[in-house]
Every structure is written in C-alpha cells, then in structure tokens.
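Residue numbers (numbering that gives the first Met the number 0): 0 to 166. C-beta: ideal position from N, C-alpha, C; glycine also. No experiment lies behind these values; they were computed from the predicted model shown. In what follows, a structure is listed as structure tokens, so that the remarks can point back to it.
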Amino acid sequence: MKRYDGETKVVRGILPVDQSAAANTQGEWVSLSKYDSLMVCYTSDVGTGGQDPSVALRQATSATGSGAKTLAAGQWYAVQDATVGDLADNFAAVGDGDGAFTDDGETACVARVEITADQLDVDNDFEFVQVRVSRGGNTAGKLVAAVYVLRGARYSAAVPDQPTAVA
Numbered sequence: 000m001k002r003y004d005g006e007t008k009v010v011r012g013i014l015p016v017d018q019s020a021a022a023n024t025q026g027e028w029v030s031l032s033k034y035d036s037l038m039v040c041y042t043s044d045v046g047t048g049g050q051d052p053s054v055a056l057r058q059a060t061s062a063t064g065s066g067a068k069t070l071a072a073g074q075w076y077a078v079q080d081a082t083v084g085d086l087a088d089n090f091a092a093v094g095d096g097d098g099a100f101t102d103d104g105e106t107a108c109v110a111r112v113e114i115t116a117d118q119l120d121v122d123n124d125f126e127f128v129q130v131r132v133s134r135g136g137n138t139a140g141k142l143v144a145a146v147y148v149l150r151g152a153r154y155s156a157a158v159p160d161q162p163t164a165v166a
C-alpha cells in the first residue's frame, strides 16, 4: 500500500456545519498551481424532505475568490443511503458530469469528485477551487462537511537534515 507522502496533501474544505444557519456554505479556496489534481470528499447527515442541498465546484483567480465562477468539470460519485456506514464500494455517478449534484435530503451522503488542474480556466489565470453547498428549500438545513485531497505535487517538499553536496 502506498503511503501518503510529500506528493499528497489533505486539507479541510468545509468544517462540519449545520446549514440551517446560512443558505450557502462556502468551502476553503485551495490552489492547484502546485498539484496535478484535487479530490473533494463531501459528506452529509440524514435530513428531512425538502433539505436537498446543491453541491458544486467553483474556480477563482485568487484565494479570496476573485472572479469566482462555476467549474463545470468533474463527475461526482456518491453513496446516498440512510446507512452510509457500509464500507462496500457502491458509489454511483450522480449529476451530469458538470461538477455539481443534488444531495438527497432524506438520506446521508458520502460523495467524491476528482478534477485535474488543466480543467480550470488556466488561460484566464484561474487556479483556485472550492466546493460550495447551497441549502435546499427547507430552512432546517443538513449537517455537511468536506475534505480536499491534493495529489501529484509538482515540487517536492524539502527533505529535512539533508546534507549539502557543496562543502
């Protein structure tokens, strides 16, 4: 089994939050300038009817979200079930492959999408990505969270205590 190393970085996307407090939950902006790909792992708790959040990817030119727009790339795969704890690999494609999907309010959900850096609008200097969760029609909201997994570091991390070749 390959261990996580300097080529992989796991960072928070959205800390667990009850969406009843706000209609939109914005994830952290993460730069793909030094990585080949990003996997977004999203999860939500069981809700009730009408709590069908929309989950989408967005891109921007800065870490503050300058020029933010939809990132219409990436196919989401999800397990939507009241008993998501099943460890079987039963992920199914959800959404239209356009970087977005709707989470069923009545069930728990675990979902993932992977995009590559070249799927961003790099011609216009877009390098930052975030996941955004928009609450469904019911104001009760669901508990949602996300984690980002950056892979394929383009620059190796410094090796500590490495002797220099020059005396």
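Between the stretch 70-81 and the stretch 19-32, the count of Cβ pairs shorter than 8 Å is below three; the stretches do not touch. Annotation for Arg150: the continuous beta strand (DSSP E) segment containing it runs 142-152. For Ala67, the closest of Val39, Phe127, Val148 by C-alpha to C-alpha distance is Phe127. Take the alpha-carbon of Asp117 and the one of Leu149: they are about 14 Å apart. A straight-line Cα-Cα distance of about 8 Å links Phe90 and Ala110.
Gly98 has its alpha-carbon roughly 23 Å from the corresponding atom of Val45. For the set Gln58, Ser61, Gly48, the Cα lying nearest the Cα of Ala107 is the one of Gly48. Around the Cβ of Leu14, a 10 Å sphere holds fewer than 16 other Cβ atoms; the residue is exposed. Comparing alpha carbon positions, the residue from Thr24, Leu56, Arg11, Ile114 closest to Ser36 is Ile114. Per the C-alpha coordinates, the member of Thr60, Thr24, Arg153 positioned closest to Asn123 is Thr60. If you check the CB distance, Val130 and Gly26 come in under 8 Å. Put simply, the backbone Cα of Ser133 is about 27 Å away from that of Tyr34.
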